Amino acid sequence: FYSGDSYLVLETTKNKYGRLKRNLFFWLGSTSTQDEKGTAAYKAVELDDVHKGEPVQYREIEGHESQMFQAVFKKSGGVRVLKGGKDSGFNHVDPDAYEPRLFQCKGKRSVLVSQVEMKSSSLNEGDVFILDCGLTLYRWIGSKANKYEKFKSMEVANKIKDEERGGKATIVILDKNNSSSTEAEPFWKMLGDKSQ
Numbered sequence: 693f694y695s696g697d698s699y700l701v702l703e704t705t706k707n708k709y710g711r712l713k714r715n716l717f718f719w720l721g722s723t724s725t726q727d728e729k730g731t732a733a734y735k736a737v738e739l740d741d742v743h744k745g746e747p748v749q750y751r752e753i754e755g756h757e758s759q760m761f762q763a764v765f766k767k768s769g770g771v772r773v774l775k776g777g778k779d780s781g782f783n784h785v786d787p788d789a790y791e792p793r794l795f796q797c798k799g800k801r802s803v804l805v806s807q808v809e810m811k812s813s814s815l816n817e818g819d820v821f822i823l824d825c826g827l828t829l830y831r832w833i834g835s836k837a838n839k840y841e842k843f844k845s846m847e848v849a850n851k852i853k854d855e856e857r858g859g860k861a862t863i864v865i866l867d868k869n870n871s872s873s874t875e876a877e878p879f880w881k882m883l884g885d886k887s888q
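Rendered as structure tokens:
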């Protein structure tokens, strides 16, 4: 998901009697425009009409996603929010331009992965962060991060490595034991000094 966009997600499952059950989520990115949010709500009503009012509608706000919404994406690695949005007449997007990204893995049983600002002050000891530098991915593990955040960060880093880098990226793990090592220098250089 991109924080500058809004999305519709139609989940269709079968109950124990073989009857279809539909949940319709409209997800609103934190920086999506009022027009985009309004269009998502309008299209949700249209889709609901197509299915004769069957779907139960849920409004999801970036950063406050329900457990039910997060569960829809559990098998595919969970909800991942990136900065930016779909190319429009006002905003040109170059798909070949690579931009380093910093992701925060935060939560207990349902871990949300969100893109955060690329600076050292974005880090905290309670979460795990992934710095995507192209062919090198850094997993920075805060000293108070829980096992769910650690597992999710491993899952996301491997997914980026395999699906976005063709298996060619290296994953470097940084924690309290080696975050000051020479191995960590490029990490801190990308984010700025630790003291910032």
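Those letters in the sequence shown? Residues 693 to 888, per the working numbering, in order. Even glycine gets a Cβ: it sits at the ideal position worked out from N, Cα and C. On a predicted model such as this, the values are computed, not experimentally measured, just so you know.
Can you list, in chain order, the residues of its chain with a C-beta nearer than 6 Å to that of residue i? Leave out the 5 residues immediately preceding and following it.
| i | result |
| --- | --- |
| R772 | V805 |
| K713 | T705, N707 |
| K767 | none |
| G781 | Note that G781 scores a pLDDT of 40, beneath 50, so its modelled location is shaky and nothing firm can be said. |
Just mark residue i as buried or exposed, buried being the case when its beta carbon has 16 or more other beta carbons within 10 Å.
| i | result |
| --- | --- |
| G770 | buried |
| S724 | buried |
| L827 | exposed |
| R711 | exposed |
| P747 | buried |
| I822 | buried |
| E754 | buried |
| V820 | buried |
| K881 | exposed |
| E752 | buried |
Could you tell me which residues DSSP puts in a beta bridge with residue i?
| i | result |
| --- | --- |
| T725 | According to DSSP, T725 bridges with nothing at all. |
| N715 | E703, V748 |
| K807 | The sequence as given places Gln at residue 807; Lys does not occur at that position. Paired residues: F795. |
| R857 | Partner(s): none; R857 has no beta bridge. |
| T862 | T828 |
When the Cα atoms are used, what is the spatial distance from residue i to residue j?
| i | j | result |
| --- | --- | --- |
| I865 | V808 | 19 Å |
| G776 | S698 | 11 Å |
| K735 | A876 | 47 Å |
| Q726 | S871 | 42 Å |
| M810 | D824 | 10 Å |
| R857 | N850 | 10 Å |
List the whole-angstrom C-beta distance separating residue i from residue j, where the pair is believed to meet the contact cut-off of C-beta under 8 Å.
| i | j | result |
| --- | --- | --- |
| K842 | I833 | 6 Å |
| L794 | S814 | 6 Å |
| L700 | L716 | 7 Å |
| Y840 | K868 | Y840 to K868, Cβ: 19 Å. No contact. |
Quick one: what's got a C-beta closer than 8 Å to residue i's C-beta in the same chain, skipping five residues either side?
| i | result |
| --- | --- |
| A763 | S802 |
Kindly examine the ligand ATP and report whether one of its heavy atoms sits closer than 8 Å to the Cβ of residue i.
| i | result |
| --- | --- |
| R711 | The ligand content of the structure shown is nil, which means the ligand ATP is not present either. |
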